[in-house]
Structure formats: structure tokens, C-alpha cells
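Visitor: The structure follows.
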Ligand code: G3H
Ligand code: 13P
Ligand code: ZN
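In this note's numbering, the protein residues as written are 56 to 364.
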């Protein structure tokens with residue numbers, strides 16, 4: 056049981072039909088729900104922390120909570136920085152004991168993204184930490200219907216090959232049509248699998264990462280709305296598309312929104328049904344169970360990662 060990099064997990068997942076789930080964490084209940092699911096499914100696991108999560112919970116708490124989770128479950132876990140925007144935050148996370156970091160230079164021009172990623176790779180590798188980078192921009196809902204902007208923002212396969220060769224990065228997040236949050240597609244869901252296959256063909260040894268991979272299951276949106284929510288028109292990535300991506304080099308699948316929906320639905324339900332109750336354990340306990348069920352569903356039915364530890 057140890058904090059591990061993503062290296063071995065991805066080496067196993069690369070030419071397989073499963074992917075490792077990378078779940079965003081912000082507090083103890085979320086961590087507990089996720090690790091209990093991974094333990095029961097005997098699945099590899101990445102817990103990831105955004106800059107916002109880091110600010111909310113503080114790195115010292117998050118690192119200790121993940122250490123406690125490993126002690127409690129006996130699991131190996133990769134603790135990963137999600138969307139690090141500059142060298143400084145990546146360095147801080149390496150120094151805090153994270154085993155993996157993402158440098159997201161996707162908003163920069165190609166050459167600057169290479170320079171920045173290289174700088175992080177040098178520091179992180181010197182400290183035994185793996186690095187994910189991103190090339191291409193995740194789609195906005197409107198990009199779904201405009202083919203021109205697809206070509207302008209999606210990852211260009213030849214650039215991906217050049218980027219990996221020049222940076223020495225361990226894994227690469229690609230833009231093929233997903234986006235963050237609950238509103239991913241206006242019309243029919245569309246992911247550019249031809250592009251993904253082309254990227255995988257050019258860099259077959261590089262594990263690919265799919266951000267914005269929540270499915271936004273209608274029953275969870277409906278449950279949130281049933282208890283006083285207002286989340287109209289939400290739409291995520293269909294589960295079969297995630298399974299397809301796992302066959303074309305995608306080794307890491309990022310999920311946050313589905314956890315938020317599962318947790319919030321449960322809390323709304325409890326508080327609506329028990330308006331006189333004000334013990335946080337009464338609603339955070341069921342919320343933790345809802346996270347566990349969601350993660351178990353992802354690992355078993357979507358990522359195909361049960362028993363792959
Ligand atoms: O990619 C974004 C993740 O869902 C994290 O979101 O920045 O609100 O923590 P956050
Ligand atoms: P979702 O918003 O689809 O859950 O994506 C999360 C993510 O990509 C975190 O980096
Ligand atoms: Zn992301």
C-alpha cells in the first residue's frame with residue numbers, strides 16, 4: 056500500500072479494454088466513498104485535486120486524508136493535481152507529496168505549451184512524479200454543431216506526436232469533443248473517434264486522457280430537480296462512448312460532475328424529507344454512500360476496471 060505514480064497503472068491499461076478512473080476529491084466523504092468503491096472492485100485508482108479543491112480543503116488535509124484512505128483500505132493510490140495552470144502550482148504539489156501532476160498549458164500557443172510542459176516534466180521527473188499535459192481545447196457546447204471550430208480546437212494528431220517527443224510527458228489529455236460540467240452537447244453527442252484513433256496510432260506508447268467524461272445520468276439530474284433543483288437541459292457523454300475511448304489508447308477517464316450530481320441529489324432528498332434535522336452526518340453519510348455507488352458503477356460498467364488492480 057503506497058502512493059504510486061500513474062506509470063504502472065497506465066502501462067497495464069494501455070493496450071487493454073479498460074481505463075483507470077480519475078475522480079475529483081474535495082473532502083473526506085468524497086474520498087471515503089471513492090476508495091471504498093475501488094477497494095470492493097479491486098480497481099486501480101487515481102484521486103485528483105483541482106486548484107479549487109486545493110484552496111477549499113488545503114493540501115495538508117487532502118494529503119493526510121489520502122494517506123488515511125490508503126491505511127484504511129490497503130489500496131495503492133495515485134494522488135494527482137488536476138489542471139495545474141503554471142509551474143508554481145505543479146512544483147507545490149510535487150513538494151507536498153503528490154505522485155502525479157497535470158500541467159494544463161492548453162490555453163497557450165503550441166510552443167509555449169511545450170516549453171511550460173517541459174519545465175514541469177524536468178522538475179517532476181527529478182522527484183519521481185508523473186506528468187500529464189493537455190493539447191487542444193475542450194469543446195464548449197456550441198462547438199458541437201460547428202465543424203470549423205472542431206478543427207480549430209480539437210487535438211491535431213501530428214502535433215500530439217511532436218508535443219510528446221519534445222516534452223517527454225507521461226500522458227496526454229486530448230480534445231475530441233468532451234467538455235467539463237453538465238452541459239456537454241446541444242444536439243446528438245459526438246466524439247471524434249477517428250481523430251482519437253489517429254492520435255493513438257501516431258503515439259501508441261503514450262497513455263491518453265479523457266477529460267469531461269461524466270455521463271450526467273438523467274436519473275441523477277431528475278433526482279436533483281425533484282428536490283428543488285433547477286438543472287435544465289443537462290447532457291453528458293454516453294457510457295458506450297467512454298468504453299470505446301478505452302479501446303483507443305485512453306487510459307485515464309476524468310469524472311467529477313457525476314459525483315457532484317450523485318452527492319447533491321442525496322443531500323437535497325434528505326434535507327427535503329427531514330426538514331427538522333440538522334445533524335450533518337445524517338445527510339453526508341447517505342451522500343458518501345451515493346458517491347460509492349456511482350464510483351462502483353463507473354468502475355464496473357463503464358471503465359471495465361474491476362479486478363484490474
Ligand atoms: O476540471 C474541472 C473539475 O471538475 C474540477 O472543478 O475547478 O470546480 O474544482 P473545480
Ligand atoms: P466532468 O465535468 O465531465 O466530470 O469532467 C471532470 C474533469 O475533466 C476533471 O478534470
Ligand atoms: Zn478536466
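The beta-carbon is built from N, C-alpha and C at its ideal position, and this holds for glycine as well. Quantities reported herein were computed from a predicted structural model and do not represent experimental measurements.
Do you know offhand how far residue 70's Cα is from residue 296's?
Guide: Indexing the chain shown from 1 puts residue 70 at position 15. Indexing the chain shown from 1 puts residue 296 at position 241. Going by the C-alpha atoms only, they are around 17 Å apart.
Visitor: From what residue to what residue does the beta strand (DSSP E) around residue 121 run?
Guide: For the purposes of this step, residue 121 is taken as the residue at position 66 of the chain shown. First-last for residue 121: 114-128, but that is the alpha helix (DSSP H), not the beta strand (DSSP E).
Visitor: Please say whether residue 311 and residue 79 have beta carbons closer to each other than 8 Å?
Guide: Position 24 of the chain shown holds residue 79. Position 256 of the chain shown holds residue 311. In contact: residue 79 and residue 311 (Cβ atoms closer than 8 Å).
Visitor: Report yes or no: do the stretch 267-285 and the stretch 232-245 share at least 3 C-beta pairs separated by less than 8 Å?
Guide: yes
Visitor: Buried or exposed for residue 327, going by 16 or more other Cβ atoms inside 10 Å?
Guide: As a working note, residue 327 is residue 272 in the chain shown. Flag for residue 327 reads exposed.
Visitor: Looking at the unbroken alpha helix (DSSP H) that takes in residue 248, where does it start and where does it end?
Guide: On the chain shown, position 193 is the one that residue 248 refers to. According to the DSSP assignment, residue 248 belongs to the alpha helix (DSSP H) that extends over 248-257.
Visitor: Please list the terminal residues of the continuous beta strand (DSSP E) segment that includes residue 291.
Guide: As a first step, residue 291 is located in the chain shown; it is residue number 236 there, counting from the start. Segment: none, residue 291 is in no beta strand (DSSP E) and carries neither H nor E.
Visitor: Quick check: the stretch 330-342 against the stretch 59-66, are at least 3 beta-carbon pairs closer than 8 Å?
Guide: no
Visitor: On a CA-only basis, which of 273, 280 and 278 is nearest residue 291? Give me that one, please.
Guide: Mapped onto the chain shown, residue 291 falls at position 236. For residue 291, the nearest C-alpha among the options comes from 273.
Visitor: Taking C-beta to C-beta, are residue 120 and residue 86 nearer than 8 Å?
Guide: On the chain shown, residue 120 is found 65 positions in, with the first residue counted as 1. On the chain shown, residue 86 is found 31 positions in, with the first residue counted as 1. Yes, Cβ-Cβ distance for residue 120 and residue 86 is below 8 Å.
Visitor: How many Å lie between residue 106 and residue 332 at the Cα?
Guide: Your numbering for residue 106 matches position 51 in the chain shown. Your numbering for residue 332 matches position 277 in the chain shown. Each residue's Cα considered, the two are about 33 Å apart.
Visitor: Could you tell me which residues DSSP puts in a beta bridge with residue 18?
Guide: Not covered by the structure: residue 18. The range shown for the chain is 56 to 364.
Visitor: According to DSSP, is residue 137 helix, strand or coil?
Guide: In the chain shown, the residue the question calls residue 137 occupies position 82. The answer is strand: DSSP assigns residue 137 an E or B state.
Visitor: Ends of the alpha helix (DSSP H) at residue 88?
Guide: Sequence index remark: in the chain shown, residue 88 carries index 33 (1-based). 83-96 is the span of the alpha helix (DSSP H), which, as asked, contains residue 88.
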